[in-house]
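A.B. asks: Handing you this structure, nothing more for now.
And the structure:
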């Protein structure tokens, strides 16, 4: 009977305290998880400083052991009269015996925390990249050249002085350009017909100073005028043509069309006789950068020879 008693009683005590010990282990693991997640990893984990990571791990292990010891070896014996370890167990033995038990919660919380840190850093990088892109695009958007405004006003003044019927339409075209520059340039995208409308207004005003405006040929075949395009994306090419073109004998040819949401922009500009250098100025370089950012799948071919400047551009448009 004595042998049976010594076997049965420990088994009964084990079953009696099993749930309590499992709950205390779970509670300790949760506390250690959040302690390591919010305090240790953010402050001590550094792949470039291994000693800090080891220090943080040691603190988490010690924290786990102390919490579990306090619950299992102080609170449970006091309130329930049960203990997970035999009476008189050395604390050193208890400490090293529980290192293994602490690793699971510490490892999982470390992985979760590092994933959270990585996600936050990645999100911040994306936000910074987006802010940088927006700032760059804003800076790259071409503003109306003040010299162009000055020359246009002079031309309009001459028309008014001569009481020409062209004066009023010229003022209306200039008003269109100014409205475009003050309102539409602030938007990320505008309708295709607005961009083409700006080109039309620009062309009509430039014709005021050209002796042979009939040499300017524009062919437009737009099936979807409400498709969206980045503002002032096509304009610099046209401005470049008027600035460097030979309008005494040859002029320039412009074709704009869209098919299956693909815009095709073609411009042939004959250079002035004395102009042999490249005419691809800052405005066109800015357009190239914007195309790389906004339309990475675009196709741009530029031919810059001694006598002519050709632009052949294709981009995928989006719905406005």
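Residue numbers (my numbering): 82 to 401. Glycine is no exception: its CB is placed at the ideal position from the N, C-alpha and C atoms.
Looking at C-alpha atoms only, which residue of 181, 153, 289, 239 is the closest neighbour of residue 168?
C.D. replies: Nearest C-alpha to residue 168: 153.
A.B. asks: Quick check on the DSSP output: what are the complete alpha helix (DSSP H) runs of length 4 or more inside the segment 122-176, in order along the chain?
C.D. replies: Taking only runs of at least 4 residues, the alpha helix (DSSP H) segments lying wholly in the segment 122-176 are 122-125, 131-151, 157-160.
A.B. asks: Taking buried to mean at least 16 other C-beta atoms within 10 Å of its own C-beta, is residue 267 buried or exposed?
C.D. replies: So residue 267 counts as exposed.
A.B. asks: In whole angstroms, what is the alpha-carbon distance linking residue 273 and residue 308?
C.D. replies: Cα to Cα, residue 273 sits roughly 6 Å from residue 308.
A.B. asks: Tell me whether the beta-carbon of residue 117 lies closer than 9 Å to the beta-carbon of residue 180.
C.D. replies: Their beta carbons are not under 9 Å apart, which means residue 117 does not touch residue 180 by this criterion.
A.B. asks: Buried or exposed: residue 275, going by 16 or more other Cβ atoms within 10 Å of its Cβ?
C.D. replies: Classification for residue 275: buried.
A.B. asks: For residue 371, count neighbouring Cβ atoms within 10 angstroms of its own Cβ and tell me buried if that reaches 16, exposed if not.
C.D. replies: It counts as buried.
A.B. asks: For my contact list, residue 450 and residue 176 are in at a C-beta cut-off of 8 Å; report their separation, rounded to the angstrom.
C.D. replies: Since the displayed the chain opens at 82 and closes at 401, residue 450 lies outside it and no answer follows.
A.B. asks: Output the boundary residues of the beta strand (DSSP E) element that contains residue 396.
C.D. replies: Start and end: 389-397.
A.B. asks: Please state whether DSSP places residue 385 in a helix, a strand or coil.
C.D. replies: Note: residue 385 maps to strand in three-state DSSP.
A.B. asks: In terms of residues, what are the limits of the alpha helix (DSSP H) holding residue 345?
C.D. replies: Per DSSP, residue 345 belongs to no alpha helix (DSSP H); it is in the beta strand (DSSP E), 343-351.
A.B. asks: Do you know offhand how far residue 378's Cα is from residue 334's?
C.D. replies: Looking at the two C-alpha atoms, the distance is approximately 25 Å.
A.B. asks: Report yes if the CB atom of residue 125 is closer than 9 Å to the CB atom of residue 137, and no otherwise.
C.D. replies: In this structure, residue 137 lies closer than 9 Å to residue 125 by Cβ.
A.B. asks: Can you tell me which residues form a DSSP beta bridge with residue 300?
C.D. replies: Answer is 336.
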